[in-house]
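Number of protein chains: 2
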Amino acid sequence: MSEASILETCNRALTKQPASAVQRTCEPVACKDCGIYNLCLPLGLEKADMSLLDSIVKRKSVFKRGELFFRPGKRFDCVYAIRSGSVKSYISTGDGRTQITGFHIAGDLLGLSALAAREYTCEARALEETSVCMVDAAQFDELAREIPSLQYQMLTIMSRQIRQDEELMLLLGKRSAEEKLAGYLIGLSRRYASRSFTPVEFHLSMSRGDIGNYLGIAEETVCRIMRRFRDEKLITTHRRQIRLNDLDRLSAIAPV
Amino acid sequence: MSEASILETCNRALTKQPASAVQRTCEPVACKDCGIYNLCLPLGLEKADMSLLDSIVKRKSVFKRGELFFRPGKRFDCVYAIRSGSVKSYISTGDGRTQITGFHIAGDLLGLSALAAREYTCEARALEETSVCMVDAAQFDELAREIPSLQYQMLTIMSRQIRQDEELMLLLGKRSAEEKLAGYLIGLSRRYASRSFTPVEFHLSMSRGDIGNYLGIAEETVCRIMRRFRDEKLITTHRRQIRLNDLDRLSAIAPV
DNA sequence: CGACTTCTTGAATTAGGTCAATCCCTGTGG
DNA sequence: CCACAGGGATTGACCTAATTCAAGAAGTCG
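Read top to bottom, the protein sequences are chains A and B. Residue numbers for the first sequence follow our numbering, so the first one is 1 and each next one is one higher. Residue numbers for the second sequence follow our numbering, so the first one is 1001 and each next one is one higher.
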């Protein structure tokens, strides 16, 4: 089996795995043996501290497609580490409109923005069957006391979040629909790459409507621009499966 | 002198004061005697700690209109507390476009987003003559060690920032130009109110172009919508001086 | 008093939204 | 195994909000 195909298999397993696969992925394993444990390291844990984490983490929770993680106002009770699957988070206006503020994939931490206020500020739902590890909030605080660098790591993660939000603002405010979509695809690609998945072919776990909402454009516009990209051979799509045929040209459309 | 007119005088002093007024405002005073010292309290300082702050704060720095506070990549060397005047912060794309990410007025802290990364991530410039207190970064860290609640306060401030950014996203992505501008004016009004200035009349320290940039609409559109608001007697404007005549109706245009 | 910058307004143009009709999967029940 | 229902995804036609271009007006500064 070539390395590329292994990656693809892995990718597929994490994005559109059947229920049985999820079960397999979620066998209770020690953190140090977990396939994404290095993705938990943003938590600021040295290897020596992993066993400590091991003792407080609650493994093997699976959320079904559409299932709610939390909504605004709910007391902050735990941090989620996504092992597989994906999640969207969004805020709502009084009059029913919503803005998706982020998509989270395997390796992301979820719920940290509630850290300071002690209650969640947005709503988060699974986009597909999603398996997570959960760290109890109270125990998380305790952990923070025992591991001095952890609080500092929290600051780092939050400031990264701010930076990311500001980039999204720039995307929303200053770019054409075409640039938005190109930027979105490139961004997704980079995130997959940073997690050792292939950056050129993946499964979009969110609907066209969700993408449009996130980018501030209509669902139909997402379709039309994808069509344009397809006509120009930039991408190949089949439903939610997508292949980026020309990362360079796509990047050129989406200025930094 | 009525209370209202005192407020207005105060407001004017803080937003379009002549140079001489600035000099006066910036006489070295102890933090506890500073007119906005209660606005420094977000720093997490109890009154007992104020004298400590007093000893490390560097007062009486004045930045001229257009003067740079910092730019991306610059080493994080201090936190600014705005005493009077105003500042815009913004990020830039490779191709020269910029997105204003925030306007900061008297009582705001500036530069905190650099806390974790230890370098500034955006560019900030004075919109007018602006007087600030500066806290040295290294001393700030020391302060954080001595005052345990400070680090927690940092998290709070950063998560508030995230929340605010997400609201701006919603503004940028989901609202018409009219709603954007109404929301912007209401937001400014609330911020002035929270600082005990009159919420119905103030000076816009930023240009129409800056407002448009921030809201993701063209400068001309800002003018046209202001005209519409003026025709509907919602506001009165003369150049950058603005009076909100009907906060209720304006709020109604800008859904939460 | 010029030289600028910022603001304002009009006219023409267009990107993107809305509405509506299919199409195409996927899952379900007979 | 097949027909059918329902939820995305697509596509076309039309329309409108907002942009762009261009020209003045109104302050501001040296």
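Just so it is clear, CB atoms sit at the ideal spot from N, CA and C, and this is done for glycine as well.
Paired residues, beta bridge with residue i - DSSP
i: Ala1103 (chain B); result: In the sequence under discussion, the amino acid at residue 1103 (chain B) is Phe, which differs from the Ala named in the question. Bridge partners of Phe1103 (chain B): B:Lys1088.
i: Thr98 (chain A); result: A:Ser92
i: Ala1126 (chain B); result: B:Val1087
i: Val1135 (chain B); result: B:Val1057, B:Val1079
i: Ile235 (chain A); result: A:Leu244
i: Phe1197 (chain B); result: Paired residue(s): none; Phe1197 (chain B) is not in a bridge.
i: Val62 (chain A); result: A:Ser131
i: Leu109 (chain A); result: A:Ala81
i: Glu1119 (chain B); result: B:Arg1075
i: Leu172 (chain A); result: Answer is none; Leu172 (chain A) lacks a bridge partner.
i: Phe1070 (chain B); result: B:Ala1124
Cβ shell of residue i (< 8 Å), same chain only, five flanking positions each side left out
i: Thr1237 (chain B); result: Met1226, Arg1230, Arg1243
i: Ala1218 (chain B); result: Gly1212
i: Ala252 (chain A); result: none
i: Leu1110 (chain B); result: Phe1069, Val1079, Tyr1080, Ala1081, Ile1082, Val1087, Ser1089, His1104, Ala1124, Val1132
i: Phe76 (chain A); result: Gly111, Ala114, Leu115, Ala117, Arg118, Glu119, Tyr120, Ala137
Proximity of residue i and residue j at Cβ, strictly below 8 Å
i: Ile1211 (chain B); j: Tyr1184 (chain B); result: yes
i: Leu155 (chain A); j: Leu1155 (chain B); result: yes
i: Asp1165 (chain B); j: Glu146 (chain A); result: no
i: Leu1168 (chain B); j: Ile91 (chain A); result: no
i: Lys174 (chain A); j: Gln1099 (chain B); result: yes
i: Leu113 (chain A); j: Ser1159 (chain B); result: Before going on, a small fix: residue 113 (chain A) reads as Ser here, not Leu. Contact flag set, yes.
i: Leu247 (chain A); j: Ser189 (chain A); result: yes
i: Pro72 (chain A); j: Cys122 (chain A); result: yes
i: Ile162 (chain A); j: Ile1162 (chain B); result: yes
i: Ser61 (chain A); j: Met134 (chain A); result: yes
Sequence-distant residues of the same chain with beta carbon closer than 7 Å to residue i, five excluded per side
i: Asn1245 (chain B); result: Lys1233, Leu1234, Ile1235, Thr1236
i: Ala1254 (chain B); result: Glu1179, Ala1182, Gly1183, Ile1186
i: Leu1204 (chain B); result: Arg1240, Ile1242
i: Gly1216 (chain B); result: Leu1172
i: Leu250 (chain A); result: Ala182, Leu185, Ile186, Leu234, Leu244
Cβ-based neighbour list, residue i, same chain, cut-off 6 Å, excluding 5 preceding and 5 following
i: Arg1239 (chain B); result: none
i: Phe1069 (chain B); result: Ala1124
i: Thr1221 (chain B); result: Ala1177
i: Gly1102 (chain B); result: Ser1089
i: Ala144 (chain A); result: Leu150, Gln151
i: Val256 (chain A); result: none
i: Phe1063 (chain B); result: Ala1126, Thr1130
i: Tyr258 (chain A); result: Outside the displayed span of chain A (1 to 256) sits residue 258 (chain A), for which this structure offers no information.
Cutoff 8 Å: residue i Cβ touching any chain B Cβ
i: Ala116 (chain A); result: yes
i: Ser159 (chain A); result: yes
i: Val256 (chain A); result: yes
i: Thr237 (chain A); result: no
i: Leu155 (chain A); result: yes
i: Gln139 (chain A); result: no
i: Asp248 (chain A); result: no
Chain A contact for residue i (CB, 8 Å cutoff)
i: Arg1163 (chain B); result: yes
i: Ser1251 (chain B); result: no
i: Gln1241 (chain B); result: no
i: Ser1113 (chain B); result: yes
i: Thr1101 (chain B); result: yes
i: Glu1067 (chain B); result: no
i: Glu1166 (chain B); result: yes
### Task
Could you name the residues of the segment 168 to 197 of chain A whose beta carbon sits closer than 8 Å to any beta carbon of chain B, in the order they occur along the chain?
Residues passing the 8 Å Cβ filter: Leu168, Met169, Leu170, Leu172, Gly173, Lys174.
### Query
If contact means a Cβ-Cβ distance below 9 Å, which residues of the segment 1203 to 1219 of chain B contact chain A?
For the segment 1203 to 1219 of chain B, which is checked against every Cβ of chain A, the residues closer than 9 Å are Asn1213, Tyr1214, Leu1215, Gly1216, Ile1217.
### Message
If the cut-off is 7 Å on Cβ atoms, which residues from the segment 1075 to 1097 of chain B count as contacting chain A, listed in chain order?
### Response
Residues of the segment 1075 to 1097 of chain B with a C-beta less than 7 Å from any C-beta of chain A: Ile1091, Thr1093, Gly1094, Asp1095, Arg1097, listed in chain order.
#### Entry: Cβ-based contacts, 9 Å cut-off: residues of the segment 119 to 135 of chain A near chain B
Cβ contacts with chain B: Thr121, Cys122.
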